[in-house]
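Student: Input: one structure, supplied below.
Number of protein chains: 2
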Amino acid sequence: MDLNERKLKILQAIIHSYIKKAQPVGSRTIAKKYNLGVSSATIRNEMSDLEELGYLVQPHTSAGRIPSDKAYRLYVDSLMELKSISSLERKKIKKGLSKEIREIEQLIQNSAKILSKLTNYTSLAIAPQFKKSRLKHIQLVPIDERKVLVVIVTDTGIAKNTIFMMDNDITHDHLNKITNYLNAKLKGHPIEYIGSSLEYELIQEMYSLKNTINQVVPLIYQAVDELEEVDLYANGVTNIFNFPEYNDVSKAKAFLSFIEDKNLVVDMLMKSGLQDIEIKIGKENCYEEVKNCSLITATYSLNGKTIGKIGVIGPTRMDYSKVISIVKTISLNLNDILNQYYNRGGR
Amino acid sequence: MDLNERKLKILQAIIHSYIKKAQPVGSRTIAKKYNLGVSSATIRNEMSDLEELGYLVQPHTSAGRIPSDKAYRLYVDSLMELKSISSLERKKIKKGLSKEIREIEQLIQNSAKILSKLTNYTSLAIAPQFKKSRLKHIQLVPIDERKVLVVIVTDTGIAKNTIFMMDNDITHDHLNKITNYLNAKLKGHPIEYIGSSLEYELIQEMYSLKNTINQVVPLIYQAVDELEEVDLYANGVTNIFNFPEYNDVSKAKAFLSFIEDKNLVVDMLMKSGLQDIEIKIGKENCYEEVKNCSLITATYSLNGKTIGKIGVIGPTRMDYSKVISIVKTISLNLNDILNQYYNRGGR
DNA sequence: TATTAGCACTCTATGCTATCGAGTGCTAAC
DNA sequence: GTTAGCACTCGATAGCATAGAGTGCTAATA
Numbered sequence: 510m511d512l513n514e515r516k517l518k519i520l521q522a523i524i525h526s527y528i529k530k531a532q533p534v535g536s537r538t539i540a541k542k543y544n545l546g547v548s549s550a551t552i553r554n555e556m557s558d559l560e561e562l563g564y565l566v567q568p569h570t571s572a573g574r575i576p577s578d579k580a581y582r583l584y585v586d587s588l589m590e591l592k593s594i595s596s597l598e599r600k601k602i603k604k605g606l607s608k609e610i611r612e613i614e615q616l617i618q619n620s621a622k623i624l625s626k627l628t629n630y631t632s633l634a635i636a637p638q639f640k641k642s643r644l645k646h647i648q649l650v651p652i653d654e655r656k657v658l659v660v661i662v663t664d665t666g667i668a669k670n671t672i673f674m675m676d677n678d679i680t681h682d683h684l685n686k687i688t689n690y691l692n693a694k695l696k697g698h699p700i701e702y703i704g705s706s707l708e709y710e711l712i713q714e715m716y717s718l719k720n721t722i723n724q725v726v727p728l729i730y731q732a733v734d735e736l737e738e739v740d741l742y743a744n745g746v747t748n749i750f751n752f753p754e755y756n757d758v759s760k761a762k763a764f765l766s767f768i769e770d771k772n773l774v775v776d777m778l779m780k781s782g783l784q785d786i787e788i789k790i791g792k793e794n795c796y797e798e799v800k801n802c803s804l805i806t807a808t809y810s811l812n813g814k815t816i817g818k819i820g821v822i823g824p825t826r827m828d829y830s831k832v833i834s835i836v837k838t839i840s841l842n843l844n845d846i847l848n849q850y851y852n853r854g855g856r
Numbered sequence: 510m511d512l513n514e515r516k517l518k519i520l521q522a523i524i525h526s527y528i529k530k531a532q533p534v535g536s537r538t539i540a541k542k543y544n545l546g547v548s549s550a551t552i553r554n555e556m557s558d559l560e561e562l563g564y565l566v567q568p569h570t571s572a573g574r575i576p577s578d579k580a581y582r583l584y585v586d587s588l589m590e591l592k593s594i595s596s597l598e599r600k601k602i603k604k605g606l607s608k609e610i611r612e613i614e615q616l617i618q619n620s621a622k623i624l625s626k627l628t629n630y631t632s633l634a635i636a637p638q639f640k641k642s643r644l645k646h647i648q649l650v651p652i653d654e655r656k657v658l659v660v661i662v663t664d665t666g667i668a669k670n671t672i673f674m675m676d677n678d679i680t681h682d683h684l685n686k687i688t689n690y691l692n693a694k695l696k697g698h699p700i701e702y703i704g705s706s707l708e709y710e711l712i713q714e715m716y717s718l719k720n721t722i723n724q725v726v727p728l729i730y731q732a733v734d735e736l737e738e739v740d741l742y743a744n745g746v747t748n749i750f751n752f753p754e755y756n757d758v759s760k761a762k763a764f765l766s767f768i769e770d771k772n773l774v775v776d777m778l779m780k781s782g783l784q785d786i787e788i789k790i791g792k793e794n795c796y797e798e799v800k801n802c803s804l805i806t807a808t809y810s811l812n813g814k815t816i817g818k819i820g821v822i823g824p825t826r827m828d829y830s831k832v833i834s835i836v837k838t839i840s841l842n843l844n845d846i847l848n849q850y851y852n853r854g855g856r
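Chain order of the listed sequences is V and E. Here our numbering is used: the first sequence runs in plain steps of one and ends on residue 856. Here our numbering is used: the second sequence runs in plain steps of one and ends on residue 856.
Structure below.
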């Protein structure tokens, strides 16, 4: 059964009201506040139909009705008009993002902060993934007789370092030679690639440095491995307390415990697809703990390659229109900055 | 007025019971469960005295009594017997800390995780402060024609890096010269020291590199400035939900919002003194939001210099005995590892 | 045939009252 | 100085009546 225009209008009105008030919506409210030109009785009948069709839910007999996930999905897909972002918000975004442009991680973290500030929901972002990038430069630096610093720089503008302890003394010269060789050999390759037969090849090439190579290369593997961990930024976590659906301690606890578990959150973000904007509503989320939440994510990319995600999570009763436009704007700006600044030799 | 032995015993019993049960303690409970050899009426009289002296508080006339901050202070200072840590716990600490010993930040973060796991409270830790350390090594590495990587390594084993964009091309050779000079000049000096008249001196010394120096040195200042930010690790934040005193949403919110604000938490930790173990009970804390919490912190140091703090925060009704011994053990272990491993050329 | 007014019905929320019980403080006896 | 005994206090809980928001159904209406 198709939804006629009136049903759609009523549904939209209910969703609108519920998003604002967080209270079950009754027929009289709709009749009075949204001029649909019909009486509350008519609306009542339509609402009954909408419930049967799965768009509405009634907490109990004598209560108003609440939109279901299905309703929100319809709303997001076709009913909703995207709110255009205010010029003040636009300014805040521009200003906030222009602040920190040197460290890409800072930039992402900053974006997440702005996102939660503007939306008043919890924002989530994953930093550029180190392992998925390509090697731009690797450098071995002797710190003292026994310590070597390994710095790995990626084409996504991330530099990571670790310090290692060697068993034997290592000469500056040896390290330089190895550094040069590694750069020549590995530049442009994915970081993941480091680790296969590198040691063997190196020894073939420079047998005289065998001892040093045997010490250094395993450490490089190890460094790469250790640096693989994905960074997650969560901001405005306590914003959920602003929503009456989390006035219940056990619900707040469930949500916060979930968000506190970095692995779960990263996995959840990874699972969302690679579209520009991805919206998961309620039960569409895989994790039980957030099945009454909606997640709106955008990707950000460098050189046309997606390198991370940023988004917002909140109750399904979310101001989709506002949030989507803000997420869109921020991700657009973010992408611009990334590609202008980091790509063309910037930074 | 001095507290006689019986009063102390009663007070101890009340504290003990309240820490366990989180319920106001009545005279009958004490008389029955703690064999003090006196009747409930006697205890009632003593409790009345203890209240007058400020050690106990009565939520309302017909309720039992609750220890005050003053009582906890007395308890911690003289009544409490330190629980010796179980061998299982000791094992967990040893095992947990031996896992990650290369990156000092990892080590601290790990310690914080173990701390919250073992205590079931929220653990807090500040990473070694970059600016307070001394320079061990600085290195400028050309990434491509226009990009330069600055790596700064401290004597506390932290390496930080930033990538900079130059206006003009820079030669490998120039950078090397500057690197060498900087190392010779700055090694062993506090990081904070970088930034005074460095540029001027450098130009004096190597006039031919003037252009490069003019470009590079301000960036180094900037890098140092940016890296100054203190890292904070908080673990087990949602543990507060386990305590009935936070069954009230607004209280949970207040606590969590406080903990979410990194600046406040860092400031709070900084404010606690430099003693081995520092205990702040309730109102002894500066911040309003945690005046019903207790904070137990320990320092960790390298080369005899305190470089960070680690601790636990929870309701004043805290299992002090257990927490203190765990914090002590972890900080001892942490210090051992730091000084064995990082100090004598290790890591 | 679609809409609507009207009404009985349902169910939650709120406030009131009575009751229970844990705990105190005081008094008098030991 | 200690304790048994008792009156008193006060929060917590349960029960009950009431109000009000909202529904669903029916019959009248356009």
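For glycine and all other residues, C-beta sits at the position ideal for the given N, C-alpha and C.
Interface residues of chain V around R599(E) at Cβ under 8 Å?
Tutor: Result: empty, since nearest Cβ-Cβ is about 27 Å, beyond 8 Å.
Student: On the three-state DSSP scale, how would you describe P699(V)?
Tutor: strand
Student: Along chain E, which residues have their Cβ under 8 Å away from the Cβ of R747(V)?
Tutor: The question names Arg, yet the displayed sequence has Thr at residue 747(V). K762, L765, S766, E769, listed in chain order.
Student: Give me the DSSP bridge partner(s) of V657(V).
Tutor: P651(V), F673(V)
Student: Going straight from the alpha carbon of S557(E) to that of K530(E), what length do you get?
Tutor: 21 Å
Student: Just grab the DSSP bridge partners of H681(E) for me.
Tutor: None; H681(E) has no bridge partner.
Student: Between which two residues does the alpha helix (DSSP H) holding T838(V) run?
Tutor: First-last of the alpha helix (DSSP H) with T838(V): 829-846.
Student: Which residue from Y755(E), T806(E), R553(E) puts its Cα closest to that of T838(E)?
Tutor: T806(E)
Student: With DSSP as the reference, identify every bridge partner of A634(E), one or two as the case may be.
Tutor: Y742(E), I819(E)
Student: Quick check on the burial criterion: 16 or more other C-beta atoms within 10 angstroms. Buried or exposed for R856(V)?
Tutor: Unreliable positioning characterises R856(V) in this predicted model, as indicated by a pLDDT of 37, which lies under 50. A coordinate reading is not provided.
Student: Do the CB positions of K640(E) and I700(E) come within less than 8 Å of each other?
Tutor: Yes, they are a contact pair.
Student: Where does Y809(E) fall in DSSP's three states?
Tutor: strand
Student: Can you tell me whether L591(E) is buried or exposed, with buried defined as 16 or more other CB within 10 angstroms of its CB?
Tutor: L591(E) is exposed by the Cβ-count criterion.
Student: Tell me the residue span of the beta strand (DSSP E) that contains K789(V).
Tutor: Membership of K789(V) in the beta strand (DSSP E) is indicated by the continuous run 786-790.
Student: Does the beta-carbon of S571(V), which I'm using as the reference point, lie nearer than 7 Å to any heavy atom of the ligand NAP?
Tutor: The ligand NAP is not among the ligands present in this structure, which contains no ligands whatsoever.
Student: By the three-class DSSP mapping on this structure, what secondary structure does H525(E) have?
Tutor: DSSP places H525(E) in helix when its eight states are reduced to three.
Student: Buried or exposed for N554(V), going by 16 or more other Cβ atoms inside 10 Å?
Tutor: Under this definition N554(V) is an exposed residue.
Student: Would you mind reading off the limits of the alpha helix (DSSP H) that contains I623(E)?
Tutor: 613-628
Student: For the region 669-686 of chain E, which residues have a beta carbon sitting closer than 9 Å to at least one beta carbon of chain V?
Tutor: K669, N670, T671, I672, F673, M674
Student: Could you check what DSSP says for P576(E) in three-state terms: helix, strand or coil?
Tutor: strand
Student: Could you say which of N685(V), L644(V), L520(V) lies nearest to I552(V) if we only look at CA atoms?
Tutor: L520(V)
Student: Could you work out which residues of chain E lie near N812(V), taking near to mean beta carbons separated by less than 9 Å?
Tutor: For N812(V), no chain E residue has a C-beta closer than 9 Å to its own C-beta; the minimum C-beta separation is roughly 15 Å.
Student: What alpha helix (DSSP H) runs, 4 residues minimum, are completely inside the region 541-610 of chain E?
Tutor: Runs found: 549-561, 578-583, 596-608.
Student: List, in chain order, every chain V residue whose beta-carbon is nearer than 7 Å to that of Q648(E).
Tutor: V650
Student: Could you tell me which of L741(V), T665(V), M715(V), L707(V) sits nearest to N685(V), measuring between CA atoms?
Tutor: Closest in C-alpha terms to N685(V), from the list L741(V), T665(V), M715(V), L707(V), comes M715(V).
Student: For H698(V), which of R599(V), I687(V), R643(V) has the nearest alpha-carbon?
Tutor: The option with the nearest alpha carbon to H698(V) is R643(V).
Student: Under 8 Å: do the region 671-680 of chain E and the region 626-637 of chain E share three or more Cβ pairs, one atom per stretch?
Tutor: no
Student: What does P727(V) pair with, by DSSP beta-bridge criteria?
Tutor: DSSP, once it has assigned bridges, lists no residue as partnering P727(V).
Student: In the structure shown, what three-state DSSP assignment does R537(V) receive?
Tutor: helix
Student: Would you kindly check if the distance between the Cβ of L633(E) and the Cβ of L843(E) is under 8 Å?
Tutor: no
Student: With 8 Å as the threshold, decide whether the Cβ of R611(E) is near any Cβ in chain V.
Tutor: yes
Student: Under 8 Å between C-beta atoms, does K645(E) make it to chain V?
Tutor: yes
Student: Are any of the Cβ atoms in chain V nearer than 8 Å to that of V660(E)?
Tutor: yes
Student: Using the beta-carbon of each residue, which ones in chain V are nearer than 8 Å to V821(E)?
Tutor: Result: empty, since nearest Cβ-Cβ is about 16 Å, beyond 8 Å.
Student: What's the gap between the Cα of R611(V) and the Cα of T671(E)?
Tutor: 8 Å
Student: With distance defined between alpha-carbon atoms, name the residue in L517(E), L841(E), I635(E), G573(E) nearest to N744(E).
Tutor: Closest by alpha carbon: I635(E).
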